[in-house]
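Peer 1: Have a look at this one before I ask anything.
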Amino acid sequence: MYNEIVDEEVAMREAAKEMLTRENPTIFVGPLIIYAWNEEAKEMAKLVREMAEVLNAKIIPMVDYRPKYPKINPEVEINPNHPNLTIWHNNIKVCIFIGVHCHFANIALKIIRAETDCLTIAMCAKMGHEDAMITVRDQHPEDVKKFIEIAKQVKKELGK
Amino acid sequence: MGNNGFSGVNKSGQKIVSPDYLLFEAPREKVFMTGSEAVKEAVKRASVDASVSYPITPQSEAAHLIGELWVEGYVGVYFRGESEFGVMSEVAGCSMAGARIITTTSGPGTLRAMENFPMWAGSRLPIQLVLMARGVNSPLSIQPDNLEISFLLDTGVMIWHAENAQELFDMILAGFVVAEKTDVHVPIITAIDGFFISHTRESIMIPPEDIALPPYNPYMSPTPIIDAEIAPGRYIKDPFVMKSNYISYATHASWQWEVRAAIERSRPYAKHYLKGLIEEYGDPEAELVFVASGTAASQAKEATRMLLDEGIKAKVVKVKSIRPFPHQELLEATKMQSI
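Set out below in structure tokens:
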């Protein structure tokens, strides 16, 4: 299925399955959600928490992109310029990027692909990310609700 | 006006229409004007927020005419920079602040400003530079030799090369549309050969002046807009990017690769708005083919006509987009030719 364009539901089912079956599933949430800069962001934040519960996942925020000196604490946040440190430190084998500005998601996804064995999933409000292993585009609250319902179904099927 | 896909007016009071309507569907009238005047007419219809200028032959007139648009209320902010380096830095600031911006330069001005072009690209700024090419070397020349375009090839910007004033007019409008796509969002340089296009008059077809492109929406940017928390350039000065260690190398490579990937992602949009990255002219079965861009394509077209008089079948493949470069299209267009 990888390297193919598939129906959104198919991609969402695969994403849920990977999150529910790999080690240390983690959701990386970016400033487009955690800064609560509009009503949709607030709604998305609540949905991300619900998504984390359904997927038995941790949440590690990508607070912003300003310099972190001398270094970030990988326990509490991820820096897009060295996402591999957070992924190595926490032994994360699958993750979802959501609410991260496209440029920073793309550079982080390239580094993760090159330097880790973490499976990456990008839920993008705009055009999607070719460097993620699974990506869905134009994701807004209604779409995330649909993903949560699909994840619940997959979880049941897996007996998790 | 029909179903143009948009409604409302921009800051200049022009009706906002879809890019497709403006470029392909709106009625057009024939005018007789120079390339510099065509720049003015394109900018007038582009909902431009700001422009910064600096004089250098042969682009001075185009810069001056954009200034007239400011007087007429079509451009929000207009001022003269201290030098080309100042101009290209100032337009970066305007773009980071969320403005649609255009500027113009030529030959040595491009070189004086050179440090800024990879900075624009690395900062993902959809600035448009109309480059009216001229010589950069000694002995001094003001004729176009396109050396400065070659120096720009690996700076991470899109480069389109117009053959004539009509193509320049359309490329300026399309340039904003493609450069501002979220998954592209890199600078666009619309180049022409100075004097040949800037100073000669030709017939071009232009849409009405009371319609314009939708304004730039900076919230569609792939990077955050500057504010009190994120000062200009601050997010690109992470010590883990700037230091010299293997993590820095990985980050640097990833960042620059992403800029190149963004140019690649412009292909489908550019193909749509430019009606292909190349144009073929002449006999499809020709055994002799000229590959050219800019006014060299016009000269090559004339050569094919002269060759035809001699019974030699030839054709021209005009390259409209140099970055992204149309590798596949060129291979396809030249596979039948032996020369």
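Residue numbers (the numbering used here), protein chains in the order written: chain A, 18 to 177; chain B, 520 to 858.
The beta carbon of each residue, even a glycine, is placed where N, CA and C say it ideally should be.
Computed from a prediction, not measured in an experiment: that's the story for all the values here.
Measure from the alpha carbon of histidine 771 of chain B to the alpha carbon of each residue in A:Pro91, A:Pro97, A:Ile77, then state which is nearest.
Peer 2: As a first step, residue 771 of chain B must be located in the second sequence, where it is residue number 252. Here the closest residue by C-alpha is A:Pro97.
Peer 1: On the premise that isoleucine 678 of chain B lies in contact with alanine 652 of chain B, defined as a C-beta separation below 8 Å, what is that separation, rounded to the nearest angstrom?
Peer 2: Taking the first residue of the second sequence as 1, we reach residue 652 of chain B at position 133. Taking the first residue of the second sequence as 1, we reach residue 678 of chain B at position 159. Incorrect: roughly 11 Å between the Cβ atoms, too far for contact.
Peer 1: Using a Cβ cut-off of 7 Å, which residues of the stretch 757-775 of chain B contact any Cβ in chain A, in chain order?
Peer 2: Of all residues in the stretch 757-775 of chain B, Asp757, Pro758, Phe759, Val760, Ile766, Ala769, Thr770, Ser773, Trp774 have a Cβ within less than 7 Å of some Cβ in chain A.
Peer 1: Do the CB positions of alanine 69 of chain A and isoleucine 76 of chain A come within less than 7 Å of each other?
Peer 2: Mapped onto the first sequence, residue 69 of chain A falls at position 52. Mapped onto the first sequence, residue 76 of chain A falls at position 59. Going by C-beta atoms, alanine 69 of chain A is nearer than 7 Å to isoleucine 76 of chain A.
Peer 1: Could you check how far apart the C-beta atoms of alanine 632 of chain B and threonine 624 of chain B are, in whole angstroms? I think they sit under 8 Å.
Peer 2: Taking the second sequence and counting its residues from 1, the one referred to as residue 632 of chain B is at position 113. Taking the second sequence and counting its residues from 1, the one referred to as residue 624 of chain B is at position 105. Sure, about 7 Å apart at Cβ, within 8 Å.
Peer 1: Just reading off the beta strand (DSSP E) that tyrosine 800 of chain B is part of, what are its end residues?
Peer 2: Taking the second sequence and counting its residues from 1, one reaches residue 800 of chain B at position 281. Residues 797-801.
Peer 1: Anything in chain B within Cβ reach of alanine 131 of chain A, meaning under 8 Å, just list it in chain order.
Peer 2: As a position in the first sequence, residue 131 of chain A is number 114, starting the count at 1. Neighbours of alanine 131 of chain A on chain B, chain order: Ala769, Ser773.
Peer 1: Please list the residues of the stretch 115-130 of chain A that have a C-beta atom closer than 9 Å to any C-beta atom in chain B, keeping them in chain order.
Peer 2: From the stretch 115-130 of chain A, only His118, Cys119, His120, Phe121, Ala122, Asn123, Ile124, Ala125, Leu126, Lys127, Ile128 have a Cβ closer than 9 Å to chain B.
Peer 1: Would aspartate 802 of chain B count as contacting chain A if we go by Cβ distances under 7 Å?
Peer 2: As a working note, residue 802 of chain B is residue 283 in the second sequence. Not one chain A Cβ lies under 7 Å of aspartate 802 of chain B.
Peer 1: Just to confirm the assignment: which complete beta strand (DSSP E) runs, minimum length 3, are found wholly within the stretch 50-101 of chain A?
Peer 2: Listed in chain order, they are 75-78.
Peer 1: List, from N- to C-terminal side, the alpha helix (DSSP H) runs of 4 residues or more that fit wholly inside the stretch 686-753 of chain B.
Peer 2: none
Peer 1: Quick one: Cα of leucine 37 of chain A to Cα of threonine 152 of chain A, how far?
Peer 2: Position 20 of the first sequence, counted from the first residue, corresponds to residue 37 of chain A. Position 135 of the first sequence, counted from the first residue, corresponds to residue 152 of chain A. Across the structure, leucine 37 of chain A and threonine 152 of chain A are spaced so that their CA atoms are roughly 17 Å apart.
Peer 1: Ordered along the chain, which non-local residues of its own chain (more than five positions away) have a Cβ less than 8 Å from that of glutamate 728 of chain B?
Peer 2: As a first step, residue 728 of chain B must be located in the second sequence, where it is residue number 209. Correct list, in chain order: Gln533, Glu560, Lys563, Arg564.
Peer 1: What are the partner residues of threonine 548 of chain B, as DSSP defines its beta bridges?
Peer 2: Walking along the second sequence from the start, residue 548 of chain B turns up at place 29. Checking the sequence, you will find glutamate at residue 548 of chain B rather than threonine. According to DSSP, which records beta bridges pairwise, glutamate 548 of chain B is partnered with B:Ile725.
Peer 1: Using a cut-off of 7 Å between C-beta atoms, extract the partners of aspartate 746 of chain B located in chain A.
Peer 2: On the second sequence, position 227 is the one that residue 746 of chain B refers to. Those within 7 Å of aspartate 746 of chain B in chain A number zero; the least Cβ separation is about 10 Å.
Peer 1: Helix, strand or coil for tyrosine 765 of chain B? Go by DSSP, reduced to three states.
Peer 2: Numbered from 1 along the second sequence, position 246 holds the residue referred to as residue 765 of chain B. Looking at tyrosine 765 of chain B - three-state DSSP - the assignment turns out to be helix.
Peer 1: Does threonine 674 of chain B come within less than 7 Å of chain A when only Cβ atoms are used?
Peer 2: Along the second sequence, read from residue 1 onward, the residue named residue 674 of chain B stands at position 155. Threonine 674 of chain B does not count as touching chain A.
Peer 1: Rounded to whole angstroms, what's the CA-CA distance from arginine 599 of chain B to proline 627 of chain B? Just pull it up for me.
Peer 2: Numbered from its first residue, the second sequence carries residue 599 of chain B at position 80. Numbered from its first residue, the second sequence carries residue 627 of chain B at position 108. The straight-line gap from Cα to Cα measures roughly 17 Å.
Peer 1: Between the alpha carbons of isoleucine 473 of chain B and histidine 680 of chain B, how many angstroms are there, rounded?
Peer 2: In this structure chain B extends from 520 to 858, so residue 473 of chain B is not present and cannot be described.
Peer 1: Quick one: which chain A residues come within Cβ less than 9 Å of glutamate 699 of chain B?
Peer 2: What you label residue 699 of chain B is simply residue 180 of the second sequence in a count that begins at 1. Correct list: empty, because the minimum Cβ distance to chain A is about 12 Å.
Peer 1: In the structure shown, what three-state DSSP assignment does alanine 811 of chain B receive?
Peer 2: The residue given as residue 811 of chain B occupies position 292 in the second sequence. DSSP places alanine 811 of chain B in strand when its eight states are reduced to three.
Peer 1: Please state whether the Cβ-Cβ distance between cysteine 200 of chain A and isoleucine 129 of chain A is less than 7 Å.
Peer 2: Since the displayed chain A opens at 18 and closes at 177, residue 200 of chain A lies outside it and no answer follows.
Peer 1: Closer than 7 Å by beta-carbon distance: list the chain B residues that pair up with tyrosine 19 of chain A, in chain order.
Peer 2: The sequence position of residue 19 of chain A within the first sequence is 2, counting from 1. The contacting residues do not exist; tyrosine 19 of chain A stays about 18 Å from chain B at best.
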